[in-house]
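Q: Below: one structure in structure tokens.
Numbering (our numbering), first residue to last: 1188 to 1584.
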């Protein structure tokens, strides 16, 4: 090795890895400040600066001493995911494409309503569960999102709506963990992010206004009940195991009854005035929308305090499914309503920008090869369709 190269190697000093403060709760920030030789109360100040004021520049945090700000410049950063694009639907729904570490992109969606503004947040890059009616599953799976990448979605939305540091009405009033991924497969990071959402020094959302939706991770539902009491939604989509095994493969590991029972146990740990679960049921034409399916669902949910949210399937390329008819939807709803259930029908929002329920896909650097198989099948179907068209033309001649 030449002397010049040796000297260069000897002079190289690795840069210290900085701690991203964006994803740290008050408790973890307290630990961080203690390691810097500071008092734990600095954690509350930092959470307010980041999540109430939207400030990322340490020099502008005026209630921190100059010496502390210098320490922070050396050891910390407030690093956000990158917004790649933002689309607005004709109905006011907004969808962001967000690049995260590693180059993959996730999507999050804001849904405005008269009395609220709901942000649909992603928890994973892709999804490992591969539900047959969901576009996210067809993209395969890359990894869990970090706490910073999860809470960063709420930060980006709040900044987009000029929500920081003002007394104007909040644009984001509700958060639903219903974006890309299965939240309970990323348990620790999701819980940490929700704690920041709920913290009065952070976003100050009430537990009623933060909802976690799961497709059936039974042990994690029990675990969640021990550490949190946010609102819970269970994604059923079928009234029996045979059908649910096809639609939601995780059902083969955690059958339907065990899933419903875990929801009951979760409710047992909730305050008396909040003991109600949301049951999500995507209605697919001629698959799970028959009268007997509604009656089976009614029997399954007997004695479970719940409201049922019916979701018309939103088509995407290659799904092979069709949207439920209005007649079938009405009959299904009426059967449940007549049995005494509170039933709502989710209004399709943002489908013109592929932002509706089940349509989120992002750009996933897939580690499962599922995306590759899905695209191959789409290509084969396209070729088959073109051949069929040619045959029709030839026969017609």
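For glycine and all other residues, C-beta sits at the position ideal for the given N, C-alpha and C. Values in this document were obtained by computation on a predicted structure and should not be read as measured data.
By Cβ distance below 7 Å, which residues in the same chain neighbour residue 1302 in space, the five residues on each side in sequence not counted?
A: So the list is empty, once near-sequence residues are dropped.
Q: Cutting at 7 Å between CB atoms, please list the residues of its own chain near residue 1339, excluding the five before and the five after it.
A: Closer than 7 Å at Cβ, skipping near neighbours: 1209, 1267, 1268.
Q: Return helix, strand or coil for residue 1350, following the three-state DSSP convention.
A: In this structure, residue 1350 counts as coil in the three-state DSSP scheme.
Q: Consult DSSP for residue 1218 and reduce its assignment to one of helix, strand or coil.
A: It is helical.
Q: Quick one, which of 1308, 1333, 1391 has its alpha-carbon nearest residue 1238's?
A: When only C-alpha atoms are compared, the closest one is 1391.
Q: Can you list, in chain order, the residues of its chain whose CB lies under 8 Å from that of residue 1384, leaving out five sequence neighbours each side?
A: Within the same chain, residue 1384 has close Cβ partners 1338, 1341, 1362, 1390, 1392, 1397.
Q: Could you work out which residue in 1345, 1293, 1258 is closest to residue 1241 when comparing CA atoms only?
A: Comparing Cα-Cα distances from residue 1241 to each of 1345, 1293, 1258, the minimum goes to 1345.
Q: For the putative contact between residue 1533 and residue 1495, defined by C-beta atoms under 8 Å, what is the C-beta separation to the nearest angstrom?
A: Incorrect: roughly 11 Å between the Cβ atoms, too far for contact.
Q: Applying the criterion that 16 or more other CB atoms from any shown protein chain within 10 Å of the CB defines a buried residue, is residue 1524 buried or exposed?
A: Its Cβ having fewer than 16 others within 10 Å, residue 1524 is exposed.
Q: Could you give the distance in angstroms between the alpha-carbon of residue 1428 and the alpha-carbon of residue 1448?
A: About 14 Å.
Q: In whole angstroms, what is the alpha-carbon distance linking residue 1555 and residue 1324?
A: So the alpha carbons of these two residues sit roughly 11 Å apart.
Q: Pick out whichever of 1517, 1206, 1212 has its Cα sitting closest to the Cα of residue 1386.
A: Residue 1212 is the option with its Cα nearest to residue 1386.
Q: Going along the chain, which residues of its own chain have a beta-carbon closer than 6 Å to the beta-carbon of residue 1477, five neighbours each way excluded?
A: Within the same chain, residue 1477 has no close Cβ partners at all.
Q: Is the distance from the Cβ of residue 1423 to the Cβ of residue 1466 below 8 Å?
A: Their beta carbons are under 8 Å apart, which means residue 1423 touches residue 1466 by this criterion.
Q: Taking the alpha-carbon positions, what's the residue 1291 to residue 1483 distance?
A: So the two alpha carbons sit approximately 41 Å from each other.
Q: Leaving out the 5 sequence neighbours to the left and right, which residues in its chain are closer than 8 Å to residue 1206 when beta-carbon positions are compared?
A: Cβ neighbours of residue 1206 beyond the five flanking positions: 1219, 1262, 1263, 1264.
Q: For the beta strand (DSSP E) containing residue 1331, name the first residue and the last one.
A: 1328-1331 is the span of the beta strand (DSSP E), which, as asked, contains residue 1331.
Q: What span of residues does the beta strand (DSSP E) with residue 1406 cover, start to end?
A: From DSSP, residue 1406 is part of no beta strand (DSSP E) but of the alpha helix (DSSP H) over 1405-1414.
Q: In this structure, does DSSP put residue 1505 in helix, strand or coil?
A: Three-state DSSP puts residue 1505 in coil, outside helix and strand.
Q: Which stretch, first to last residue, makes up the alpha helix (DSSP H) that contains residue 1485?
A: Segment 1478-1487, the alpha helix (DSSP H) holding residue 1485.
Q: Tell me, to the nearest whole angstrom, how far the beta carbon of residue 1536 is from that of residue 1278; I am working on the premise that it is less than 8 Å.
A: So it is a contact: roughly 6 Å between Cβ atoms.
Q: Bridge partners for residue 1304 per DSSP, in chain order?
A: Per DSSP, 1299.
Q: Any idea what DSSP makes of residue 1583, helix, strand or coil?
A: With a pLDDT of 48 at residue 1583, under the threshold of 50, the modelled position of this residue cannot be trusted; read the value that follows with caution. Here residue 1583 sits in helix by DSSP.
Q: Quick check: the Cα distance between residue 1415 and residue 1216, rounded to an integer number of angstroms?
A: If you take the alpha carbons of residue 1415 and residue 1216, they lie about 20 Å apart.
Q: Counting only the same chain and skipping the five closest in sequence on each side, list residues whose C-beta sits under 8 Å from that of residue 1485.
A: Cβ within range, chain order: 1522, 1523, 1526, 1528.
Q: Three-state secondary structure (DSSP) at residue 1335?
A: Helix at residue 1335.
Q: Relative to the C-alpha of residue 1366, which candidate in 1557, 1399, 1357, 1404 has its C-alpha closest?
A: For residue 1366, the nearest C-alpha among the options comes from 1399.
Q: Under the rule that 16 or more other beta-carbon atoms within 10 Å means buried, what is residue 1260, buried or exposed?
A: It is exposed - the Cβ of residue 1260 has fewer than 16 other Cβ atoms within 10 Å.
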